[in-house]
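Here's the structure, in structure tokens; my notes come after.
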Amino acid sequence: MHQYLFFLGDFPIRAYGLVLSLSIILATGVGYFLAKADGRGYEKYIVDLGIYCGVAGLVGARLWDVFFFDWAYYHNHLTELLNVWQGGMAIQGGVLLGVLTGIWYCRRHGLDTLHLMDVLAPAIILGQALGRCANLLNGDAFGAPTGTAFGILYPTTTLAYHTYGDQPLWPAEIWEGQLDTAIFALLLLYRTTGHARGQCFALYVMLYSTARFFLEFFRGDYTAPVLGLLHSAQMTSVVCFALAAAAFLYLQSRRRGKEALIFRKGTKKS
Numbered sequence: 000m001h002q003y004l005f006f007l008g009d010f011p012i013r014a015y016g017l018v019l020s021l022s023i024i025l026a027t028g029v030g031y032f033l034a035k036a037d038g039r040g041y042e043k044y045i046v047d048l049g050i051y052c053g054v055a056g057l058v059g060a061r062l063w064d065v066f067f068f069d070w071a072y073y074h075n076h077l078t079e080l081l082n083v084w085q086g087g088m089a090i091q092g093g094v095l096l097g098v099l100t101g102i103w104y105c106r107r108h109g110l111d112t113l114h115l116m117d118v119l120a121p122a123i124i125l126g127q128a129l130g131r132c133a134n135l136l137n138g139d140a141f142g143a144p145t146g147t148a149f150g151i152l153y154p155t156t157t158l159a160y161h162t163y164g165d166q167p168l169w170p171a172e173i174w175e176g177q178l179d180t181a182i183f184a185l186l187l188l189y190r191t192t193g194h195a196r197g198q199c200f201a202l203y204v205m206l207y208s209t210a211r212f213f214l215e216f217f218r219g220d221y222t223a224p225v226l227g228l229l230h231s232a233q234m235t236s237v238v239c240f241a242l243a244a245a246a247f248l249y250l251q252s253r254r255r256g257k258e259a260l261i262f263r264k265g266t267k268k269s
């Protein structure tokens with residue numbers, strides 16, 4: 000585990016920034032492949048979409064962490080707002096602002112928003128999986144102490160070490176990256192089925208929210224409960240899952256309604 004790859008003078012080249020950048024680039028590349036295979040000609044928009052959504056995702060992830068998870072610290076340390084290498088990128092905020100930016104871009108260019116969200120859902124979760132590799136190298140998004148000899152021992156320069164010392168910690172970010180990869184495969188399989196527009200993206204939100212909810216029991220950062228109940232990320236996961244499930248069922252019922260209407264019209268004609 001190396002936080003610093005090399006130095007240019009006194010300026011460090013961090014593994015976190017490099018891998019995070021690669022995750023955006025590779026996710027955009029996979030999105031391009033999926034859009035081109037889809038056959039609607041949307042691939043010509045993917046690079047611009049990746050840049051806009053990637054930047055928005057980074058901003059959203061940082062702001063979400065600062066204002067929802069750690070404002071008690073940062074309101075007295077405003078000069079550290081951009082110090083992402085200290086830890087502090089909330090993926091849920093990144094996905095939210097990134098998706099909102101993507102919706103704005105699609106509407107501006109007259110694209111089928113729900114369809115493109117379905118096409119790109121696997122690419123988004125793949126980017127998240129690669130992003131967790133960056134967290135591992137940086138020593139953030141870490142797990143809680145295992146209480147045994149099993150676990151990850153982080154270097155002394157990491158936030159994980161500053162929080163728990165040399166205690167072995169659950170490999171929470173590794174598990175999340177593995178689960179994200181599994182979700183990536185499941186979404187690719189689901190896209191081969193006959194589903195309503197928007198359902199693949201709704202399924203992505205449901206699957207990730209479920210994985211994140213249970214992984215939070217092993218996380219060691221931001222463990223303070225909200226309203227004495229669940230971790231903040233768990234509360235967000237519950238809300239996101241409920242909204243996505245409602246959207247999934249609504250889209251399915253709307254599709255069935257359209258199919259029934261077409262069937263009735265066809266029956267009358269015959």
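Here the sequence shown stands for residues 0 to 269, numbered as in numbering that gives the first Met the number 0.
Ideal placement from N, C-alpha and C gives every residue a C-beta, glycine not left out.
On a predicted model such as this, the values are computed, not experimentally measured, just so you know.
Along the length of the segment 22 to 82, whole alpha helix (DSSP H) runs at least 4 residues long occupy 42 to 63, 70 to 73, reported in chain order. For Y3, the uninterrupted beta strand (DSSP E) segment begins and ends at 3 to 7. E79 sits exposed, since fewer than 16 C-beta atoms from the chains shown fall within 10 Å of its C-beta. The C-alpha of Y221 is placed about 14 Å away from the C-alpha of P144. Inside the segment 117 to 187, DSSP marks whole alpha helix (DSSP H) runs of 4 or more residues at positions 158 to 163, from first to last along the chain.
The shortest C-alpha to C-alpha distance from D165 to any of G101, G146, Y41 is the one to G146. Excluding the 5 residues flanking it on each side, H108 has same chain C-beta neighbours closer than 7 Å at Y44, in chain order.
Bridge pairing for H114: absent [DSSP]. Bounds of the alpha helix (DSSP H) holding R106 are 90 to 107. D47 is not a Cβ neighbour of I124, given a cutoff of 8 Å. Distance between L95 and P167, taken at the CA atoms: about 33 Å.
Here DSSP, grouped into helix, strand and coil, assigns L229 to strand. DSSP, read as helix, strand or coil, puts R211 in helix.
Excluding residues up to 5 positions away in sequence, G138, Y153, P154 lie with their Cβ nearer than 8 Å to the Cβ of Y160 in the same chain.
Taken atom to atom, the span from the alpha-carbon of R13 to that of L135 is near 12 Å. By the neighbour-count definition (other C-beta atoms within 10 Å, threshold 16), V225 is an exposed residue. Of G227, R190, A244, the smallest CA-CA separation from S208 is found for A244. Judged by beta-carbon spacing, G59 lies beyond the 8 Å limit of R131, meaning their Cβ atoms are not closer than that value.
In the DSSP annotation of this structure, the continuous segment of the beta strand (DSSP E) that includes R13 starts and ends at 10 to 13.
Look at R196 here: in three-state DSSP terms it is coil, with no helix or strand label.
Note that the C-beta distance between R253 and A232 is not below 8 Å. Between A122 and G30, the beta carbon gap of about 4 Å places them in contact (Cβ cut-off 8 Å). Rounded to whole angstroms, Q198 and T27 show a C-alpha spacing of 21 Å. Looking at the DSSP output, R218 shares a beta bridge with G142. The beta carbon of G142 sits closer than 8 Å to the beta carbons of G150, I151, L168, W169, P170, A171, E172, F217, R218, G219 from its chain, once the five residues preceding and following it are set aside; these are given in chain order. A distance below 7 Å between beta-carbons, with the five flanking residues on each side excluded, links Y189 to the following residues of its chain, in chain order: C199, L202.
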